[in-house]
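Residue numbers (UniProt numbering): 1 to 66.
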Amino acid sequence: MPRNSKEAASSGERGLFRDTAKYASKFSWVKALRRDEYRKRVAEVAAVVGAVAVVLAADWVWKEQL
Numbered sequence: 001m002p003r004n005s006k007e008a009a010s011s012g013e014r015g016l017f018r019d020t021a022k023y024a025s026k027f028s029w030v031k032a033l034r035r036d037e038y039r040k041r042v043a044e045v046a047a048v049v050g051a052v053a054v055v056l057a058a059d060w061v062w063k064e065q066l
C-alpha cells in the first residue's frame, strides 16, 4: 500500500487517498489536531521573536551604558 498519493500508481489508488482525506476532514478531532499544530507553530514563532527582541533590547541598553 503506498504511503501517500504521490506514491499511488493508479488513478484508483489516488482517488482512494483523496476520498479518505475528505472523509477524515469531517471529523472534529482531525480539525482540532490541525488547529493544535497551528497553535504550537504560532507559539514557537512568537517565542523566537520575543527572544530576539529581548536580546536586541539588552544589547541596546548595554551600548547606552558604555
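All C-beta atoms, glycine included, are put in the ideal place defined by N, C-alpha and C. Computed from a prediction, not measured in an experiment: that's the story for all the values here.
Between the CA atoms of residue j and residue i - distance to the nearest angstrom
| i | j | result |
| --- | --- | --- |
| Val-52 | Val-45 | 11 angstroms |
| Trp-62 | Leu-33 | 43 angstroms |
| Lys-40 | Leu-66 | 39 angstroms |
| residue 82 | Glu-64 | Because the chain spans 1 through 66 in this model, residue 82 falls outside it and cannot be assessed. |
| Val-49 | Arg-35 | 21 angstroms |
| Ser-28 | Val-42 | 21 angstroms |
| Val-30 | Val-55 | 38 angstroms |
Spatial neighbours of residue i in its chain, beta-carbon cut-off 6 angstroms, leaving aside the 5 residues before and after
| i | result |
| --- | --- |
| Asp-59 | none |
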